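K.L.:
The structure that follows is given in the form of structure tokens.
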């Protein structure tokens, strides 16, 4: 990982530790790639509260950071647990 910028190395460690771990696959990151911006997906109204709570928790835990605007964006995919509400 020596050729990966330090802030990206820290992100991988932060996500792995805070979420209970993840299986990391080898990936090639283009540091100087062209920005891609995709429109957001609509979250069903019945699931919005749970999704907002999950996002706020991830922000408090330092997993994600809120930004006002960015040239990079991709929709999130919400996997709802069997209770039908909790992401």
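Numbering (our numbering), first residue to last: 879 to 965.
Each residue gets a CB set at the ideal place from its N, CA and C atoms; glycine is no exception.
The structure displayed is predicted, hence computed values, not measured ones.
(1) Determine, using beta carbons only, whether residue 957 and residue 916 come nearer to each other than 8 Å.
(2) Locate the alpha helix (DSSP H) running through residue 931, then write down its first and last residues.
(3) Considering only residues of the same chain and omitting the five flanking positions on each side of residue 909, which have a CB-CB separation below 7 Å?
P.N.:
Let me lay it out:
(1) No, these two residues do not count as a Cβ contact at 8 Å.
(2) For residue 931, the enclosing alpha helix (DSSP H) starts and ends at 926-938.
(3) Sequence-distant partners of residue 909 (beyond 5 residues in either direction) whose C-beta falls short of 7 Å from its own C-beta, in its chain, are 883.
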